[in-house]
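Chains H and P, in that order, are what the protein sequence lines are. Residue 958 is where the first sequence starts when you use the working numbering, and the numbers rise one by one after that. Residue 958 is where the second sequence starts when you use the working numbering, and the numbers rise one by one after that.
2 protein chains.
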Amino acid sequence: MDNPKAALIEAAGKLFSQKGYYGTTIRDIAQERGIRSGSLYAHIESKEDLLYEIVDVASQAFIDALEPIVATSRPPQEKLIQALAAHIRVISTHLETSRVFLHEWLLLTGARRHIIEDRRNHYEALWTALLQEGIDRGTFAPVSLRFARLVILSVANWVYLWYDPAGPMNPDQIAEEFGRLILYGLVHPTAGPPASNRETRTLSLPS
Amino acid sequence: MDNPKAALIEAAGKLFSQKGYYGTTIRDIAQERGIRSGSLYAHIESKEDLLYEIVDVASQAFIDALEPIVATSRPPQEKLIQALAAHIRVISTHLETSRVFLHEWLLLTGARRHIIEDRRNHYEALWTALLQEGIDRGTFAPVSLRFARLVILSVANWVYLWYDPAGPMNPDQIAEEFGRLILYGLVHPTAGPPASNRETRTLSLPS
DNA sequence: CCTACCGATCGGTAGG
DNA sequence: CCTACCGATCGGTAGG
């Protein structure tokens, strides 16, 4: 934070996450830092530099959190929940940066966009490896890797849109809840065909 | 399409979905229609009008598709998959509009934003009703309604980011695949504790 | 990090 | 739907 460039990136992250990249002006960012707009260019060369720095840090944080978990030898169910928890912890501790990464990274252009694309692919590959291992061990059903990964990453990524740091559940609890649903499904293990007239039975009982 | 305003909305939808709301200028939209930028204001009062019209139509399409399905009396598993299919069909048939709705609706301001917020809440309530019915019938496990709905809508909404009309699967097939995973989970029904040393055993066999 | 400023472009309007 | 144009604001620069 004593580093002026880092402070600039943090200010930009806050504003980009609130108003979007194009909705935030260089002057907004300067004002947030208490300096004049021209002064930003002592530390950056363009507005897109700020977007890239944010997305760079956030995307790396997701990979750094997942890699050690994939490398462990715990049971697949446990690894899946830990990986989910790691993902949600990154969102919760880097909420603004994660929002910018997940919502605005497509605005990057040229080589930088490709770098982030590669990093996203790497992250997805880590998840694929985790799932593949679970299938190989016979723990996970031999489902489509692509679809299983899409389910998990959809859920995990969507978190940035509703996560509230002041909410009642911490990231580990959220991961546990999501993980159970993804691992064991919505259908009750003991559920047979639908119990007809359950409502009727309820109505016939005293409330 | 003979209606100039409808043509304008379609052009705006295409451009907003490609470059974002702020990334698209009034002049871009005019050029797409082959007219001058000033001429747009014969049909709209502001740029935000176009965003609102797009988001209005798309958000209503999701509700219109889901309502009749919730009203049927099929088994909960079937309703869930049909509802998922309806959602993905809306995305596939209104791909650009859906992208704008799901990615840019937060840029709406004032009363219009509230209208769309209410509509989103209505849509979520329809899903909650579907899930609640499945629990009441004893088909679905008594999970957290909020989390089950979040899983489903995360997966369903994320589709707009990767769906490719030229891809090998149609919306119904995608819904079937996602639905199975959500209903029955990733863990194999017959899966016990992880089979230890499966790798070793594999290594000891001829390849 | 500031002052002073640039060329370009923005959403939108007046009058036809 | 067009011409002509507006005030404001944009990202960015020069020179200190």
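Every residue gets a Cβ at the ideal spot worked out from N, C-alpha and C, and that includes glycine.
Query, Result
"If you draw a straight line from the C-alpha of aspartate 1021 of chain P to the C-alpha of glycine 1142 of chain H, how long is it?", "27 angstroms"
"Mind checking whether leucine 1008 of chain H and glutamate 1061 of chain H have CB atoms under 8 angstroms apart?", "yes"
"Tell me whether valine 1144 of chain H sits in a helix, a strand or coil according to DSSP, three-state version.", "strand"
"Select from the stretch 1017-1049 of chain P all residues with a C-beta closer than 8 angstroms to any C-beta belonging to chain H, and list them in chain order.", "Pro1032, Pro1033, Gln1034, Leu1037"
"Pair every Cβ in the stretch 1118-1129 of chain P with every Cβ in the stretch 1120-1130 of chain H, then say whether three or more of these pairs are closer than 8 angstroms.", "no"
"Please name the residue, chosen from P:Tyr1117, P:Leu1107, P:Pro1122, P:His1079, that lies closest to leucine 1023 of chain P on a Cα-to-Cα basis.", "P:His1079"
"Between which two residues does the alpha helix (DSSP H) holding aspartate 1006 of chain H run?", "1004-1028"
"Taking a Cβ distance cut-off of 9 angstroms, strictly less, list which residues of the stretch 1065-1085 of chain P are near chain H, in chain order.", "none"
"Can you say whether glycine 995 of chain H is buried or exposed, counting buried as having 16 or more other CB atoms within 10 angstroms of its CB?", "exposed"
"Closer than 8 angstroms by C-beta to valine 1108 of chain P: which residues in its own chain qualify, once you throw out the five before and the five after it? Chain order, please.", "Ile1139"
"Answer yes or no: the CB of isoleucine 1109 of chain H versus the heavy atoms of the ligand FAD, is any distance below 7 angstroms?", "This structure lacks the ligand FAD; in fact it carries no ligand of any kind."
"Quick test of your reading: glutamate 1010 of chain P and leucine 1065 of chain P, contact by CB under 8 angstroms. State the CB separation rounded to the nearest angstrom.", "Between leucine 1065 of chain P and glutamate 1010 of chain P the Cβ distance is about 11 angstroms, and since that is not below 8 angstroms, they are no contact."
"Are the CB atoms of phenylalanine 1097 of chain H and proline 1025 of chain H nearer to each other than 8 angstroms?", "no"
"Apart from the five residues on each side of it in sequence, which residues of its chain come closer than 7 angstroms, Cβ to Cβ, to lysine 962 of chain P?", "His1000"
"What separation, rounded to the nearest whole angstrom, lies between the Cα atoms of threonine 900 of chain H and serine 1030 of chain P?", "Examination of residue 900 of chain H is not possible in this model, given that chain H is present from 958 through 1164 alone."
"Tell me which residue opens and which closes the alpha helix (DSSP H) that tyrosine 1117 of chain H is part of.", "1102-1119"
"Which same chain residues, not among the five before or five after serine 1059 of chain H, have their C-beta less than 6 angstroms away from its C-beta?", "As written in the sequence, residue 1059 of chain H is leucine, which differs from the serine given in the question. Within the same chain, leucine 1059 of chain H has close Cβ partners Asn1114, Tyr1117."
"Under 8 angstroms between C-beta atoms, does isoleucine 1139 of chain P make it to chain H?", "yes"
"Within this structure, are the beta carbons of threonine 1054 of chain P and alanine 1028 of chain P separated by less than 8 angstroms?", "no"
"With a CB to CB cut of under 8 angstroms and the five nearest residues on each side skipped, what residues in its chain are close to arginine 1155 of chain P?", "Note on arginine 1155 of chain P: pLDDT 36, under 50, position unreliable in the model; the coordinate value appears next. Once the five neighbours on either side are set aside, arginine 1155 of chain P has no close Cβ partner at all."
"Give a yes or no on whether 8 angstroms exceeds the smallest Cβ distance from phenylalanine 1058 of chain P to chain H.", "no"
"Express the C-alpha separation of leucine 1088 of chain H and lysine 1036 of chain H in angstroms, rounding to a whole number.", "9 angstroms"
"What separation, rounded to the nearest whole angstrom, lies between the Cα atoms of threonine 1050 of chain H and arginine 1056 of chain H?", "11 angstroms"
"Using a Cβ cut-off of 8 angstroms (strictly closer), state whether phenylalanine 1135 of chain H contacts chain P.", "yes"
"Measure the beta-carbon distance from isoleucine 1131 of chain P to isoleucine 1045 of chain P and round it to whole angstroms, keeping in mind my assumption that it falls under 8 angstroms.", "5 angstroms"
"Our contact map puts glycine 977 of chain H next to tyrosine 979 of chain P with C-beta atoms below 8 angstroms; I'd like the distance itself, whole angstroms only.", "6 angstroms"
"Grab me the residues of isoleucine 1092 of chain P's own chain with a C-beta within less than 7 angstroms of its C-beta, minus the 5 sequence neighbours each way, in chain order.", "Pro1099"
"Report all residues from its chain with a CB closer than 7 angstroms to the CB of isoleucine 1073 of chain P; omit the five preceding and five following residues, and keep chain order.", "Val1012, Ser1016, Trp1062, Leu1065"
"Taking a contact to mean a Cβ-Cβ separation below 8 angstroms, would you say leucine 1052 of chain H touches proline 1146 of chain H in this structure?", "no"
"Along the chain, where does the alpha helix (DSSP H) containing phenylalanine 1058 of chain P start, and where does it finish?", "1052-1061"
"Can you find a C-beta in chain H that's less than 8 angstroms from the C-beta of serine 1003 of chain P?", "no"
"Suppose the cutoff is 7 angstroms on Cβ atoms and the five residues either side in sequence are ignored; what does the same chain contact list for leucine 972 of chain P look like?", "Thr981, Asp985, Ile986, Glu989"
"If you check the beta carbons only, do isoleucine 1048 of chain P and glycine 1136 of chain P fall under 8 angstroms apart?", "no"
"From the DSSP output, read off the bridge partner residues of phenylalanine 1097 of chain H.", "P:Val1144"
"Between which two residues does the alpha helix (DSSP H) carrying leucine 943 of chain P extend?", "Nothing can be reported for residue 943 of chain P, as the shown portion of chain P is limited to 958 through 1164."
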